[in-house]
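Novice: Protein chains in written order, with our numbering: chain L, 1 to 313; chain X, 314 to 651.
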């Protein structure tokens with residue numbers, strides 16, 4: 001009886017205190033820094049363009065409405081593309097699928113990676129060894145090559161690309177969360193919950209995970225940046241959305257032969273992808289700084305380490 | 314603290330009969346590396362040859378009839394048990410029999426051989442130049458911490474860190490090859506079999522793209538490592554003795570930032586193994602990455618299998634080398650933990 005009462009107290013205390021507030025605090029602290037505000041507004045503008053673009057596009061993105069590589073004019077603000085379609089309409093229509101795929105792949109990778117990492121840290125022993133060996137094996141592929149391998153088998157399918165990019169994220173996320181969770185699992189409140197007989201799944205969800213909030217937020221930001229990178233890259237190589245669909249990566253590849261005639265076919269998607277990744281990276285950096293405390297040198301090392309480890313993938 | 318190598322030497326001298334921990338680590342890491350590659354080879358094989366939509370149907374594509382499919386499966390030994398198939402494939406690989414391309418019919422060795430050199434040249438040039446620039450800028454920023462130079466470099470590095478290679482590549486093409494100036498070729502047009510250094514101007518843009526992508530995080534890691542080293546007691550001591558700033562930086566701080574530097578170089582090469590794929594494709598550079606992209610479009614499975622394995626082997630090798638070299642460079646870590 002006593003232990004049940006204590007358990008209930010622990011549960012309510014753990015829930016309200018940590019989870020709800022921490023991510024909101026970190027996020028609001030991050031966006032109030034110049035970096036965070038810049039990052040968020042850049043990302044916001046690109047997301048807005050991608051989201052409302054299809055609704056406001058002046059022409060259909062697949063119809064031939066002008067001459068191939070026509071110069072910009074009053075009717076076609078950014079000119080024509082390789083087949084005489086409107087570059088502006090294709091640009092407005094070509095972002096939302098990239099964003100949705102990147103978001104799905106990131107969510108998949110971070111959730112799978114966090115489950116593996118946290119359970120490896122908590123249960124330890126053979127389970128830990130097994131998980132970390134699997135992590136080593138997946139990490140033996142460059143991320144893009146791993147995705148290409150899967151695509152070469154099953155063809156360029158949307159769900160496959162999401163799955164491939166998600167799986168290739170999971171090992172890095174697992175490593176980072178495992179390292180952070182090892183620390184948390186040793187703390188007194190986790191021991192207390194265990195002794196009180198809380199089932200393992202509940203300990204993980206209610207005691208361990210809330211203390212990994214900021215680690216997971218930084219991972220989400222980083223992985224989202226790299227999802228965008230890899231998915232846009234696959235699409236550029238011709239293994240994403242298939243023509244005649246509009247997609248920023250694909251547009252760059254289609255229109256680069258006409259770079260001199262009408263540069264906008266390449267420039268518009270290049271600028272949008274660049275803005276999106278720069279904005280995401282800046283925002284993530286601000287979040288990482290906000291969650292660690294600002295300006296200390298150890299944190300600088302950690303931050304650089306975080307982005308470098310991610311970039312190496 | 315002024316000399317980190319001293320304690321390690323002392324302890325090792327006291328226990329001369331103990332097994333050399335460095336060799337133990339080497340053997341252990343190599344063992345894991347071979348095991349990882351073995352499992353990777355199984356994965357690659359299962360993914361490409363066993364899964365439905367196997368090699369035979371990939372070759373025939375739309376012309377597949379059940380009879381032709383069956384005939385080709387016999388020819389490619391796809392009707393044998395999976396384990397037997399895998400075993401003969403692996404033994405073949407180890408004997409240098411890499412199979413023949415399903416598209417051109419040429420042997421994989423002849424298709425890939427020259428490309429390995431081309432890719433190695435590209436990676437080596439980009440890796441060395443990028444590392445040197447990144448380390449130099451990182452040291453400079455750390456030495457002049459909080460100056461406008463430091464802030465400027467940090468902001469630029471942060472922005473460029475996450476740019477995709479093809480975005481950087483297209484930006485370079487726009488500036489140097491297509492729109493503003495016409496000084497450099499936009500794509501590499503090599504005569505078949507020519508070595509890449511026969512026309513260095515073709516190498517400039519691919520190498521520059523890769524350098525721009527790896528410099529930012531080399532810079533960030535190096536800046537952080539140097540700031541760390543500069544704030545330690547022995548650097549403070551050297552400074553108080555009246556040593557000049559650059560001498561402190563080069564003689565006292567830099568040697569203690571060597572381990573992070575090695576990590577950075579390792580990470581750079583790991584990144585380059587994936588980065589060359591897109592860059593070679595953009596510039597039509599005849600290397601492994603371009604071959605991989607072409608093979609994936611054509612579903613040329615023997616070529617895909619070999620290139621993926623090669624890149625995985627490179628990954629594992631770089632990881633082991635990075636670990637061992639940074640272990641050798643930081644004697645403290647060689648000691649068994651007590």
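Positions of the beta carbon are idealized from the N, C-alpha and C atoms, including for glycine.
Using a Cβ-Cβ cut-off of 8 Å, state whether residue 352/X counts as contacting chain L.
Specialist: Yes, its Cβ sits closer than 8 Å to a Cβ of chain L.
Novice: Is the beta carbon of residue 31/L closer than 8 Å to that of residue 214/L?
Specialist: For residue 214/L and residue 31/L, no; Cβs fall outside 8 Å.
Novice: For residue 43/L, return the contacting residues in chain X, with the cut-off set at a CB-CB distance below 7 Å.
Specialist: Chain X residues near residue 43/L: none, gap ~12 Å exceeds 7 Å.
Novice: Taking 8 Å as the threshold (beta carbon to beta carbon), is residue 94/L in contact with chain X?
Specialist: no
Novice: Tell me the rounded alpha-carbon separation between residue 430/X and residue 55/L.
Specialist: 50 Å
Novice: When you compare the CB of residue 587/X with every CB in chain L, is at least one pair closer than 8 Å?
Specialist: Residue 587/X counts as touching chain L.
Novice: Quick one: does the C-beta of residue 136/L sit closer than 7 Å to a heavy atom of the ligand NAD?
Specialist: With respect to the ligand NAD, the structure shown offers nothing to examine, as it has no ligands at all.
Novice: Could you tell me which residues DSSP pairs with residue 413/X in its beta bridges?
Specialist: In the DSSP output, where bridge partners are listed per residue, residue 413/X has 420/X.
Novice: If you draw a straight line from the C-alpha of residue 23/L to the C-alpha of residue 217/L, how long is it?
Specialist: Cα to Cα, the separation comes out at about 8 Å.
Novice: My output table needs one value for residue 80/L: the three-state DSSP class, helix, strand or coil.
Specialist: strand
Novice: To which residues of the same chain is residue 591/X closer than 6 Å at the C-beta, ignoring the five residues directly before and after it?
Specialist: 478, 479
Novice: How about residue 229/L: is its C-beta nearer than 8 Å to some C-beta of chain X?
Specialist: yes
Novice: Three-state secondary structure (DSSP) at residue 613/X?
Specialist: Of the three classes helix, strand and coil, the one that applies to residue 613/X here is coil, per DSSP.
Novice: To the nearest angstrom, how far is it from the Cα of residue 66/L to the Cα of residue 60/L?
Specialist: Each residue's Cα considered, the two are about 12 Å apart.
Novice: Is residue 422/X buried or exposed, if buried means 16 or more other CB atoms sit within 10 Å of its CB?
Specialist: Exposed is the call here.
Novice: Output needed for residue 164/L: all residues of its chain with C-beta closer than 6 Å, excluding positions within five of it in sequence on either side, in chain order.
Specialist: Cβ neighbours of residue 164/L beyond the five flanking positions: 147, 150.
Novice: Can you name the residues that DSSP bridges to residue 86/L?
Specialist: 80/L
Novice: Can you tell me whether residue 404/X is buried or exposed, with buried defined as 16 or more other CB within 10 angstroms of its CB?
Specialist: Burial call: exposed.
Novice: Under 8 Å by Cβ, that's how I've got residue 274/L and residue 476/X pegged, so tell me the actual separation to the nearest angstrom.
Specialist: 6 Å
Novice: Just how far apart, CA to CA, sit residue 653/X and residue 473/X?
Specialist: Not covered by the structure: residue 653/X. The range shown for chain X is 314 to 651.
Novice: Considering Cα atoms alone, identify which of 269/L, 134/L, 285/L, 288/L is closest to residue 95/L.
Specialist: 269/L
Novice: According to a CB-to-CB cut-off of less than 7 Å, which residues of the region 108–138 of chain L neighbour chain X?
Specialist: 136, 137
Novice: Could you name the residues of the region 236–261 of chain L whose beta carbon sits closer than 9 Å to any beta carbon of chain X, in the order they occur along the chain?
Specialist: 236, 237, 238, 239, 249, 252, 253, 256, 259, 260
Novice: Just mark residue 640/X as buried or exposed, buried being the case when its beta carbon has 16 or more other beta carbons within 10 Å.
Specialist: buried
Novice: Return yes when the Cβ of residue 152/L is within less than 8 Å of the Cβ of residue 609/X, no when it is not.
Specialist: yes
Novice: Residues of chain L with CB closer than 8 Å to the CB of residue 568/X, please, in chain order.
Specialist: Under the 8 Å cutoff, chain L gives no residues; its nearest Cβ is about 17 Å from residue 568/X.
Novice: Does the beta-carbon distance from residue 437/X to residue 454/X come in below 8 Å?
Specialist: no
Novice: What is the C-beta distance between residue 432/X and residue 600/X, in whole angstroms, given that I count them as a contact (C-beta under 8 Å)?
Specialist: 4 Å
Novice: Which runs of the beta strand (DSSP E), 3 residues or longer, sit entirely within the region 153–234 of chain L?
Specialist: none
Novice: Does residue 277/L come within less than 8 Å of chain X when only Cβ atoms are used?
Specialist: Yes, its Cβ sits closer than 8 Å to a Cβ of chain X.
Novice: Shorter than 8 Å from the beta carbon of residue 477/X to some beta carbon of chain L?
Specialist: yes
Novice: With three or more C-beta pairs closer than 8 Å as the rule, is the region 119–130 of chain L touching the region 279–291 of chain L?
Specialist: no
Novice: Using the Cβ count rule (16 or more neighbours within 10 Å means buried), how would you classify residue 34/L?
Specialist: exposed
Novice: Could you work out which residues of chain X lie near residue 151/L, taking near to mean beta carbons separated by less than 7 Å?
Specialist: 609
Novice: Measure the CB-CB distance between residue 574/X and residue 448/X and report whether it falls below 8 Å.
Specialist: yes
Novice: Chain C partners of residue 143/L, CB-CB under 8 Å?
Specialist: No chain C appears in the structure shown, which is made up of the protein chains L and X.
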